[in-house]
Each structure stands twice: as structure tokens, then as C-alpha cells.
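In this note's numbering, the protein residues as written are 455 to 667. We put the beta carbon where it would ideally sit given N, CA and C, even for glycine.
Below, the structure is given as C-alpha cells:
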């Protein structure tokens, strides 16, 4: 960060279901001091908020509710970035429940945070294997500050079996048998399905762009 600007107050929400260390290190490499917290006052006072997550939507939402963070996150007005499962938690609902890697029902859903008007569904991978794991190409329909100075068709690192379908809230897309949303947004809420902290220079640039939003 430039020396003449005030330090960014970045808070990573401690959902209890996330590998926070790698994301924290990625921001610290950019010179950003990171606070990890589940304290509502600390989260609300942040300049930028990061919502990480690994595992299932069911377990993550249960943890968020137990920590009484649902309404706190929903009330945020500053830029918020969800990563991987964190992105999926921003949706209205998810089909991902315990055992849903074996079978899933469109009517058997987990209520999520409802920050972005989309739903999370199990990927239709055809003959390809799930999870979708590894590097894949991400494309934008139109420029956006979150992807500033990132080449069209840049590769990012993915690990997931569920996704947000293409919708009016799609910011960037990827293809794995079918197109799906690689990034989504609504108002001040942004989500990326890939892991920017594991995506080399392109991922580093995206995190820098988020800080500069």
C-alpha cells in the first residue's frame, strides 16, 4: 500500500469454518494488516471485510448462526469479499448439505445469508470428475474494478463441487462442462468461487483490487 494513505482496516470474519491463515498471509504480503475476529463491533468498524469458508454450507451457516453473526454480516455497507464457500454463503440458499456429495435434492436446501440474489447448486460436470480442482480460465463480459489489471482469460485456482449458475449477478464466468459463475456481486458484496490466495499473480492483483475498491 502507498505510504501516504491511511492503513486499511481489513477484518477477516472468523466463521469457525475456514482456513484463514493462507488468506491472511496473502494480504500481509501486500502490506495489509489483517484482523481476524468474530466480534460484531470489530467487523462493523472495518473498512473492508473478508468472508472465507471451507467445508459445507450447512456447517458454515450453523457456525455463523451460533456466533450470532448472520444479521451482522447482512447489515454491512462496506465492501465485502467472499472466497470459495464464503462466496456461496452470500447466496440465498445452497443445496450443499451433509451427504450431498452423494445425492442432492433441489428442494433440500440450506438457507444462506441472502446477500446476492442467486442460489448454489451442485455442478453438472458430465463425464468430468468432481470436485472441479485445479487451474481454469476466467472471463468477464465487461470490465470491473475487482478485475482491474488482470488479463481477460487469466487462470485462477478452483476447488469446489457446487457453484452459482450464470445470472444477472455474474461478474465473471468459468467453464467446467458448463459455464458457471466464477465471480458474483450485488451492491457492496462480491464473491469469487476460486481461491485468489492460491492463484499467483492474478489472485494477488484481485486481492489488491479489492483493497482499493
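Residue i CB to nearest heavy atom of the ligand SAM below 7 angstroms
i           : result
residue 510 : Only the bare structure without any ligand can be found here, which leaves the ligand SAM out of the picture.
Integer-rounded CB distance, given that residue j should sit under 8 angstroms from residue i
i           : j           : result
residue 625 : residue 481 : Actually they do not touch by this definition, with Cβ atoms about 21 angstroms apart.
residue 462 : residue 486 : 6 angstroms
residue 651 : residue 616 : Actually they are not in contact, since the Cβ atoms of residue 651 and residue 616 sit about 20 angstroms apart, beyond 8 angstroms.
residue 464 : residue 502 : 5 angstroms
Burial state of residue i (16 or more Cβ within 10 Å)
i           : result
residue 645 : buried
residue 544 : buried
residue 515 : buried
residue 571 : exposed
residue 477 : buried
residue 554 : With a pLDDT of only 46 at residue 554, under 50, the local geometry of the prediction cannot be trusted, and the value read off the model is given with reservation. With 16 or more Cβ atoms within 10 Å of its Cβ, residue 554 is classed as buried.
residue 559 : The predicted position of residue 559 is uncertain, since its pLDDT is 48 and thus under 50; no value can be drawn from it.
residue 602 : exposed
residue 507 : buried
residue 556 : Since pLDDT at residue 556 reaches only 39, below the 50 mark, its modelled position is unreliable, and the value read off the structure follows with that caveat. The residue in question, residue 556, is exposed, as its Cβ has fewer than 16 Cβ neighbours within 10 Å.
residue 582 : exposed
residue 499 : exposed
residue 580 : exposed
residue 548 : buried
Contact check, residue i vs residue j, beta carbons under 8 angstroms
i           : j           : result
residue 541 : residue 634 : no
residue 585 : residue 631 : no
residue 524 : residue 484 : no
residue 663 : residue 594 : no
residue 496 : residue 466 : no
residue 610 : residue 657 : yes
residue 668 : residue 527 : Outside the displayed range of the chain (455 to 667) lies residue 668, so it cannot be described from this structure.
residue 532 : residue 623 : no
residue 711 : residue 608 : Lying before the first or after the last residue shown, residue 711 is absent from the chain, which here runs from 455 to 667.
residue 469 : residue 537 : no
residue 509 : residue 471 : yes
Beta-bridge partners of residue i, as assigned by DSSP
i           : result
residue 575 : 617
residue 465 : 489 and 503
residue 602 : Note: residue 602 sits in no beta bridge, so no partner.
residue 594 : 626
residue 638 : 624 and 645
Which residue spans inside the stretch 484-558 form an unbroken alpha helix (DSSP H) run of at least 4?
Within the stretch 484-558, the complete alpha helix (DSSP H) runs of at least 4 residues are 494-498, 511-520, 524-528 and 539-543.
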